[in-house]
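Notes follow once the structure below has been shown.
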Amino acid sequence: MSQSNNTGHEQSGNKISTFETKMSFGLGIITLLLIFGYFYESFQEVQRQEVIVIAIDRIEAASETK
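Count along the sequence shown starting at 1, add 1063, and that's the number in the working numbering.
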């Protein structure tokens, strides 16, 4: 009959899984911040180039010629 020994291995496994959970959460937060930063920078660049204003002007000009 086999009995399970409550050794330090189970405790270290729990610590590793807690550490992995914290690291995964931290990496997830960093990834989200990088994604939001990318979209913010893209939005700022579009505002600087006034791409939307030019596109709207072209659409208005095209609809007036029809």
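By construction, the Cβ of each residue, glycine as well, lies at the ideal position given by its N, Cα and C atoms.
Coarse secondary structure for residue i, derived from DSSP in three states
i, result
"GLU1127", "helix"
"GLU1104", "helix"
"GLU1113", "coil"
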